[in-house]
Each structure stands twice: as structure tokens, then as C-alpha cells.
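Worksheet: one structure, shown below.
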Amino acid sequence: MEFATSQMYVDSLVEVDDITHLSQSLEKIKNAVIGNNKQKHNLIMLGVVPRLMKLLLDFRENTRLCSDAVIVLTSLAKGTDINVKTLIDCGVVSLLFEGLSNSDTYFIESCLQCLRVIFTSAVSPVDKLYSDQSLLNSLVGIMGRSAVTQECVACIVAHCCWTADHQEAVMRTDILEILLPLIVSPLFKVYLPALKCLSVLSFRNPVVADRIAKATHEANPVPDLVSRLMHWDRPYPAQLWASKCIAYLHRADALESSDYLVEYMTLPTLVRLCDKGRDVEVRVEAADTLAYLIELDVELQKIASVTDHLVEKLSGYFLLPFNTADNEAVNLPKFCELTAAGELRAAAFKTYSSLAANDEVIRKKVAETDGLMDHAMCALEDSRVRLSACRCLLSLSRSVRLLRTSFHDYPVYKPLIAILDDSSCDDDIVSVVVATLSNLVLEFSPSAESLLESGIVKKFSKYLDSSNYSLVVNSVWGLMNLAFGAELRVKTEILESVGLERISQLLRDNSAEVVTKTLGLLRNVFSGGADIDVLLSTYGDGLIAGVHWLLDADGSSRLVVHCLCLLGNIADGGEVAKQRITSEQELMRQLVDRLHNGDTEVQIAAVNVVLNLLRLDDQGSPERQHKLIGLGVQRVLQELLSCTDSVLFEKVKTALQQFSVS
Amino acid sequence: MPETVGTSGINEEENSRAEWLRRITECEISRADTNRLIMDYLVTEGYKEAAERFSIEANVKPLRQLETMDQRVAIKEAIEGGRIQDAIALVNKLDPMLLDDDRQLYYKLLQLQLIELIRAGEVEEALNFAQSHLAEAADHSPEFLIELERSLALLAFDDLEACPYSDLLSMSQRQLVASKINASILDMEGRPSQSKLALLLKVSDWSQCSLTDGKVKFPHMTNFATAELENP
Numbered sequence: 001m002e003f004a005t006s007q008m009y010v011d012s013l014v015e016v017d018d019i020t021h022l023s024q025s026l027e028k029i030k031n032a033v034i035g036n037n038k039q040k041h042n043l044i045m046l047g048v049v050p051r052l053m054k055l056l057l058d059f060r061e062n063t064r065l066c067s068d069a070v071i072v073l074t075s076l077a078k079g080t081d082i083n084v085k086t087l088i089d090c091g092v093v094s095l096l097f098e099g100l101s102n103s104d105t106y107f108i109e110s111c112l113q114c115l116r117v118i119f120t121s122a123v124s125p126v127d128k129l130y131s132d133q134s135l136l137n138s139l140v141g142i143m144g145r146s147a148v149t150q151e152c153v154a155c156i157v158a159h160c161c162w163t164a165d166h167q168e169a170v171m172r173t174d175i176l177e178i179l180l181p182l183i184v185s186p187l188f189k190v191y192l193p194a195l196k197c198l199s200v201l202s203f204r205n206p207v208v209a210d211r212i213a214k215a216t217h218e219a220n221p222v223p224d225l226v227s228r229l230m231h232w233d234r235p236y237p238a239q240l241w242a243s244k245c246i247a248y249l250h251r252a253d254a255l256e257s258s259d260y261l262v263e264y265m266t267l268p269t270l271v272r273l274c275d276k277g278r279d280v281e282v283r284v285e286a287a288d289t290l291a292y293l294i295e296l297d298v299e300l301q302k303i304a305s306v307t308d309h310l311v312e313k314l315s316g317y318f319l320l321p322f323n324t325a326d327n328e329a330v331n332l333p334k335f336c337e338l339t340a341a342g343e344l345r346a347a348a349f350k351t352y353s354s355l356a357a358n359d360e361v362i363r364k365k366v367a368e369t370d371g372l373m374d375h376a377m378c379a380l381e382d383s384r385v386r387l388s389a390c391r392c393l394l395s396l397s398r399s400v401r402l403l404r405t406s407f408h409d410y411p412v413y414k415p416l417i418a419i420l421d422d423s424s425c426d427d428d429i430v431s432v433v434v435a436t437l438s439n440l441v442l443e444f445s446p447s448a449e450s451l452l453e454s455g456i457v458k459k460f461s462k463y464l465d466s467s468n469y470s471l472v473v474n475s476v477w478g479l480m481n482l483a484f485g486a487e488l489r490v491k492t493e494i495l496e497s498v499g500l501e502r503i504s505q506l507l508r509d510n511s512a513e514v515v516t517k518t519l520g521l522l523r524n525v526f527s528g529g530a531d532i533d534v535l536l537s538t539y540g541d542g543l544i545a546g547v548h549w550l551l552d553a554d555g556s557s558r559l560v561v562h563c564l565c566l567l568g569n570i571a572d573g574g575e576v577a578k579q580r581i582t583s584e585q586e587l588m589r590q591l592v593d594r595l596h597n598g599d600t601e602v603q604i605a606a607v608n609v610v611l612n613l614l615r616l617d618d619q620g621s622p623e624r625q626h627k628l629i630g631l632g633v634q635r636v637l638q639e640l641l642s643c644t645d646s647v648l649f650e651k652v653k654t655a656l657q658q659f660s661v662s
Numbered sequence: 001m002p003e004t005v006g007t008s009g010i011n012e013e014e015n016s017r018a019e020w021l022r023r024i025t026e027c028e029i030s031r032a033d034t035n036r037l038i039m040d041y042l043v044t045e046g047y048k049e050a051a052e053r054f055s056i057e058a059n060v061k062p063l064r065q066l067e068t069m070d071q072r073v074a075i076k077e078a079i080e081g082g083r084i085q086d087a088i089a090l091v092n093k094l095d096p097m098l099l100d101d102d103r104q105l106y107y108k109l110l111q112l113q114l115i116e117l118i119r120a121g122e123v124e125e126a127l128n129f130a131q132s133h134l135a136e137a138a139d140h141s142p143e144f145l146i147e148l149e150r151s152l153a154l155l156a157f158d159d160l161e162a163c164p165y166s167d168l169l170s171m172s173q174r175q176l177v178a179s180k181i182n183a184s185i186l187d188m189e190g191r192p193s194q195s196k197l198a199l200l201l202k203v204s205d206w207s208q209c210s211l212t213d214g215k216v217k218f219p220h221m222t223n224f225a226t227a228e229l230e231n232p
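Chains A and B supply the protein sequences, listed in that same order.
Numbering follows the numbering used here, in which position 591 of the first sequence is assigned residue number 591; successive positions increment by one, without gaps.
Numbering follows the numbering used here, in which position 27 of the second sequence is assigned residue number 27; successive positions increment by one, without gaps.
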């Protein structure tokens, strides 16, 4: 269409009162712009949107004419996202919401269809929807008018419900009562968005999920109705979203993993949707949903691993070429193919990661998948898939056997270290990499020495200052694993790298997990007899102060037990270590207090400290015993002989025997 | 391996075919079901007149109102008559969103329009049309680029029938597009987009393929139009 013609169309909408003329103009514009993004853009540039909006305001009584104007707006919105943005900026959304209060169903449907295009676009004005509860109320209020209103409102809500706040806002309407019957609609265009809506509303929301799981429609439980949409004769999107819905209900604790719908319907359906004959989008979504479904449940992981050759099936996700050959031009089809290849790989890695999370047999099966380790190594170098590849490797790295075999045959640690050295990587991927490396540094891992040589201690230490909680925990964990059974030089390097001040801060952290892991790190460092005396001479002051602070703080029993275990380790050292402990008056007072007043676990840990201090063949034992008696330890132990716990009793008896022999 | 001969003296392979035919013949399909299948085909494919006459002659009511077929019939006739602009206007009137949502379908209609211009010998207009309407389509759809190239190749031949892509000029090309539009409209109305008869044929074909994959020997129906069976 020539520009002049476009201008003529726009001008035909100006200052005209002839309804017929306007109607014909709108029809011509509609026919001219249909399917042609360039023409839509031209007309928008020439100012057609404000003209159409003015028409809507000036002729609001003529719903037929207004509907035609809205249809043109909808067609313009179906161009590019720039078109949608222009419509939003012109204020079309508010006008359309006003139109929903009209009594004419056809006009309402037109408005809703335009709103649906806008709200399901990449530039969807989601914030506007939730800025005023009355907008949501008006949407849900007209939902029941017709199949078109049902479809459009469900689509809008399904696309725009992203957060817990959004879920809460939507649930303040009566949407659930209106949505549930739509699942049994004979119209695919109605039941599919209704399914999507239920899914997004129940995602990570136990309250909503519970309501949906317990709801019925015509005496049929809603989950049963949803599961009927998983049948083979239903379109793949219906099977997929029905499976997602049940998966989300399960993960939100509304359905048990042993529920028939989860184990015998949803899981097999998702596995089936991973078949190679399906569209890429279906395979990717099915694998992602399956990964989410089984992520935390060992039994589901076991079932999935033996369902319809899933492990082998997922290996087919790596068949599409992922990279271009040298000098190969990337045209649109090639670009689409590369994107699809990346998405398939990421989905496969995610599912493998969930499958192999807990069970050793499954890990072995996954690791032995043809070419998997090669694919994982390549994927670590590509930002599109490296996060999911890393998660897969994390799951596999929990296997002692695989650490000694697959992770030895494939130097996975090298690309992992490269990721840590890449400053552009965000905390999410770094956290997973650190967690994986934490397993690779274990004493029996062949990669441990190489990692030490590559400066892994410094790298772990660096992340202790991160604001990302997971990263801090994983870093402490990594150092803890490094320190286990390590030589003195490694332990010294750890303490020097981290620094006493940072250790003290970690011991005072608000998170019990950080404190526990730090205590675990210190236990591993301060173990091994002679090493303890050497390390204490440099780091003793700060360490003892930290332990003292923890015992003084009103911490949980678990924390106190860890603390006393650390003390017990130190007490297992030479005379320097034992002397150091017994010379700390306040520390000894806390020890006696825990012997007297703690719960059984705490008392056991405290008695272990006493046992290590009392050891008869250690130098200085008589003096220490004398001191302990003076502090009332023997008396307290004698009182503990009346305890009912057999483990505690045996330890107390042994300790008292040490006193008797002296 | 020698041929096995049954006690009747008939070759076992022929026996199998005969047995197959016997079993087919013994299947009871009611006249009412057959008539409903035919009616469904006529209504789905948009043969309104035939459906009305068949309704009277076979005394079978259509499952849905024949009046709603008028628009689909008009669109089909416009496409098969080469009046593509009219067809587009009618589709837009019936469902303003359909061609915007299904761009491939819209491009197919534009391709037909281009072909009509070429068939009418309006070369300059055809080139302008291709440039203004179809170039953008080809940018977004690699499959359509191939179709555009095929269509424009017709311009290189004085005798259009001599072009390797002369199939684009045939009525079957228009019928194919008309059939796709018809299916999309039915889909938009929430109705099955293909007739049960077409579905049955597909199920039959699929069944034969599945049996073949399972290495079962049976007489294949190689021509569904004539229902001819070939020996196993």
C-alpha cells in the first residue's frame, strides 16, 4: 500500500459523522493491514491509533462501529511488539477496560481480544493489571459471558500471573469458581487456557493448590477431571498442561507423590511427551516439567528412571547440531535450529540432574549415557546451557564411584574453574559450580590435587564475602570438604586465606546453616592430633573466643552440639591444645553447665570433650584431672549415671573410670 | 520352501486374502452410520447443496445447521473462482483475527493472488504486488520464500504450462488453499476441522502401517479410492 493511500485511510476517519462512511473506512483499513506488519507500522506512524481512540469516545453508543474500530486496533497489535508498545503508550488499555462495562457482548469480546493480544505480548503491561484490583474484578466479572470471554480472560490471567502477589490478587476475585467448570468444556480454546490458569495459580502456592485439589465439579474431583486431559487422544498442549497442573499441585504439597494421578498418570504422560516425534516446544516443556516434578522425591526419580527408556530417550535431545560449522552462515532457519538445539540440551540436562539427584544406581545409568560427559563438557563453555549442565554434573558428583571414574576420565574441573574465572557469570551459576567443585575436592577424588594446584582455596575464600547466601554456604562447604583429612599445609592455607576475622564473622552469622558449616570446617581443620597444636599456636585466640561466644549465645541444641564437637576435636590434640582449653575458665564453666543442663545429645558431646581432656596417657593428665574435679565435673558425671540413654551412660561410665584410675 | 496347500486345494495366500475379505464383508455397519458419515463429509467440506439434497433423499439430518455453511461456501467459491481479494474480505468479515493469527494461510492466499495476476499476463502489476505484499512475508518465513520463488519463476515462461512449477496454476492448488481455509474456519468455530470420513481413511492407513511394522502379513489396500486389495 502506498504511503499516500495509507494517509488517505487515516484521513477518512477524521471529522466524519457519517456512520456508513466510517464503517466502510474501517473495513478497508482492516483488509489493508491484515497480515502485513509493514502496513500496520505505516498506519501507526500516520497517527491512526489516536483517531481510532477518538472514534471510540465519540461514537460510544454505536457498539457495532466501536467494535470495528477495536478490531482494527487488535490487528495493529498483532504486528510487532513496537506496535503494542505504541498502543499502550497511547492509553488504549484503559479505554478497552472501560469498554468491558458495556452491555453488548460482541463489543466486550472485541475489547477482550485486543486486551489479550496486548497482555500476552512481550511488552505486556502486567503492572497496570495489578495496580488496580477493580481491573481484575472487571475481567473476571465478565468471564462467564461467552466462550470468547472465557478464553480471553483465562489467557490474560495465565500469561500475567508471575508472582505470589499476583496470585493473591487474582485469588481475591471469584476466578476459581468460574475456572473449574471450564476444564470440562468441549472447546479446546476454552479448556486449555483454563488449565494454564489453574497451573499458574497453584504454582508454589500451597493454599491455592490445596483448594484446587479438594475442589469438585459435578461431584467429580477436579484433579481427576484434569487428568482426563492427559489421555492420548487429546492434543499435545492439553496433555502437557494437564500434567503441569498436577505436577504443580504435587510440588505445592496438595497431592502426595504416591497419588495415582502423580505416579501413574502425570509422570508417564510427561515421559511420553519427551518422545522424539513431538515438536521441540513440547519436548522441552515436558522435560522441564518432569525435572520439576521429580526433583525432590527419590521414589519418583526411581520410577521415572525405569519408565519408557527415559534415560536413553533424553540422549536423543542432543542430536540437533548445537554449533555452526566454520564459515557457515546463520540464516533464520539455522538460527531457529540452533535455538531449538540449545533448549533441548538444557531441558535434557535439567531432567538428568533431577533423575540423578539422590540414587546411586540412577547416577550410574545417567553417567553411562552415550556421550553425556562429552556433551556436558562442551555445554560448560556455552552460556546458553552451562547452568543446566552444571546442575547435572552436581548431581553426578555426589557419587563416590563417579568421582573416581567419570570425573577422572573427563577433566570437568577445568571448565568449571574457567567459569569461576569468568567475571561475567552471575551468582546462580557460580553457586552451582562451587557446589560441584566442593564434591570434586573431596579427599578421595582424583581431581582434588589438581584443584588445589589451581588455587581453589583462594577461589572458595573469595566467595565468602558474597551477598548471595547459597554461594556463601557452598563456599564454606567446599572449604570444609577440602580440609577433611588434608595435610597441615592445606589447613594452614585455608586459615590464612579465609582469615580469623572472617571466620569469627561467619560464626556470628544469622544463618544457622552458615554457622554449622563453619563449625564443620573448623572441626576438619582442627583434627589430626599434632596439627592441632601447631594451628592453635597461631589461631587459638580467635578460635576459642568464637567457640566461647557461640556457647554463650542462646543457640539451638544442634549448634551447641557442633560447637562441643569442635571443642572435642581440639581436646584431642596435644598438651598445648588440652592446656589451652582447661586454662579458659569461662569455657570450662560453659562445659560443665552443658554437662548439667543440656539435652542428651549436648551432654554426649560434652562428655566427649571431657573424655579427650582426661585421656590418661597424655602428658599433663593428672593436673587436668585435678582441675576438672575442682570444677565439679566428676560430681556432675556421677549424677549422670542415673540417665536412661545407653550411649550417654557408657560414656559417663568410661569417663568416671578415668577419674578412678588416676 | 514349498507352497503349502490347504485341504480345499486353495493356495494359502489366496485363502488369507479371501479370509480377509470375508471378515470385512461380515463387519456390520449400519446404513444410518454410513449416511451420517457422508453427511458429515458434505457439511465439513462445504457442499451445501449436496448436503441439502442428501438430507432429503437419505432422510438424515445434519448434525449442525446448514445455514452456517453459507459463509464457508462463499469463501470456497471465491477462492476456487480466482477472486482472492473477495475471499480475503469474506474471511475478514467472518473472523477478523483468522488471517492475522495464521500468517501462513494468509501468505497462501496472497500467493494465489499473485498467480492470478501472472495468469492474466499482468507482469508489472504482479511484480509490484510481490514487492509490496509478499517480500515482507518471505522475510519472516523461509518456507514462503521458496513458494514465492516458485511463483515468480512462472514469469520466466511465455508458455506457463511449460514451467516446471505449472502445478501452481492448477485448480487443485486453489482447492488446497480453500480446503485449508475451510479447516481453519471450522477450527475457529470449535468444530472438527476434518471430516470423520477423512479421519477414518487416516486411521486405516495408520493401521496398515502399524501392522506392516509389526511384520504381520495381510492384504494391503493400496488404493483407497477403489478399495482394491493386493495380495499379502
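We treat Cβ as the ideally placed atom computed from N, Cα and C, and that holds for glycine.
Query, Result
"Can you tell me whether D308 of chain A is buried or exposed, with buried defined as 16 or more other CB within 10 angstroms of its CB?", "exposed"
"What residues from chain A crowd round N92 of chain B, counting only those whose CB sits closer than 7 Å?", "K30, N31, I34"
"When DSSP labels each residue in this structure, what does P181 of chain A get in the three-state scheme?", "helix"
"Use the C-beta contact count for W241 of chain A: other C-beta atoms within 10 angstroms, 16 or more gives buried, fewer gives exposed.", "buried"
"Just list the residues that DSSP pairs M221 of chain B with in beta bridges.", "B:L229"
"Thinking C-beta only, is Q301 of chain A closer than 8 Å to T269 of chain A?", "no"
"Alpha carbon to alpha carbon, what distance is there between V153 of chain A and A169 of chain A?", "15 Å"
"Nearest to Q658 of chain A by CA position, among A:G99, A:Q638, A:R615, is which residue?", "A:R615"
"Taking R558 of chain A as the reference, give the member of A:P237, A:A606, A:N205 with the closest Cα.", "A:A606"
"Pull up the DSSP beta-bridge partners for H596 of chain A, would you.", "Looking at the DSSP assignment, H596 of chain A forms no beta bridge with any residue, so it has no partner."
"Is DSSP giving A220 of chain A helix, strand or coil here?", "According to the sequence displayed, residue 220 of chain A carries Asn and not Ala. Strand, per DSSP."
"Which residues, in order along the segment 2-25 of chain A, keep a beta-carbon less than 7 Å from a beta-carbon of chain B?", "none"
"In whole angstroms, what is the alpha-carbon distance linking Q150 of chain A and L440 of chain A?", "54 Å"
"To the nearest angstrom, report how far apart A418 of chain A and I429 of chain A are at their CA atoms.", "12 Å"
"Could you give the first and the last residue of the continuous alpha helix (DSSP H) run that contains K202 of chain B?", "196-213"
"Within 8 Å, do at least three Cβ pairs link the segment 25-32 of chain A to the segment 63-76 of chain A?", "yes"
"What are the residues in the segment 183-203 of chain A lying within 7 Å of chain B by C-beta distance?", "L187, K189"
"Residues of chain B with CB closer than 9 Å to the CB of K78 of chain A, please, in chain order.", "M97, D100, D101"
"Does the beta carbon of L87 of chain A fall short of 7 Å from some heavy atom of the ligand ADP?", "Absence of the ligand ADP is noted for the structure shown, with no ligands found whatsoever."
"Determine, using beta carbons only, whether S461 of chain A and V434 of chain A come nearer to each other than 8 Å.", "no"
"Around the Cβ of S690 of chain A, are there at least 16 other Cβ atoms within 10 angstroms (buried) or fewer (exposed)?", "Residue 690 of chain A cannot be examined here, being either before or after the span of chain A that is shown, 1 to 662."
"Given that a residue counts as buried once 16 or more other Cβ atoms are within 10 Å of its Cβ, and exposed if not, what is N510 of chain A?", "exposed"
"Could you check whether the Cβ of S121 of chain A sits closer than 8 Å to any Cβ belonging to chain B?", "no"
"Threshold first: 4 residues or longer. Then list the alpha helix (DSSP H) segments lying entirely within the segment 96-183 of chain A, N to C.", "105-119, 126-131, 133-141, 147-160, 164-171, 175-182"
"I'd like to know if K180 of chain B contacts chain A, where contact means its C-beta is closer than 8 Å to some C-beta of that chain.", "no"
"What residues in the segment 106-132 of chain A bring their beta carbon closer than 7 Å to a beta carbon of chain B?", "Q113"
"Starting from I146 of chain B, find everything on chain A with Cβ-Cβ shorter than 9 Å and list it in chain order.", "Within 9 Å Cβ-Cβ: nothing; I146 of chain B doesn't reach chain A, min ~11 Å."
"Three or more C-beta pairs under 8 Å: does that hold for the segment 141-158 of chain B against the segment 37-53 of chain A?", "no"
"Exposed or buried, which one is K196 of chain A when buried takes at least 16 other CB atoms within 10 Å?", "buried"
"With 16 as the cutoff for other CB atoms within 10 Å, does L290 of chain A come out buried or exposed?", "buried"
"Run through chain B and tell me which residues come within less than 7 Å of I71 of chain A, C-beta to C-beta.", "P96"
"Give the residues of chain B in contact with S146 of chain A, contact being defined as C-beta atoms less than 8 Å apart.", "Ordered by position in chain B, no residue passes the 8 Å Cβ test against S146 of chain A, which lies about 12 Å from the chain."
"Use the C-beta contact count for K202 of chain B: other C-beta atoms within 10 angstroms, 16 or more gives buried, fewer gives exposed.", "exposed"
"Considering Cα atoms alone, identify which of B:G81, B:A74, B:E80, B:Q111 is closest to K310 of chain B.", "In the structure as shown, chain B starts at 1 and stops at 232, and residue 310 of chain B therefore has no counterpart that could be examined."
"Just the C-alpha distance for L99 of chain B and L338 of chain A, rounded to the nearest angstrom, thanks.", "29 Å"
"Might you give, ordered along the chain, the residues of its own chain that have their beta carbon closer than 7 Å to the beta carbon of G214 of chain B, omitting 5 neighbours on each side?", "none"
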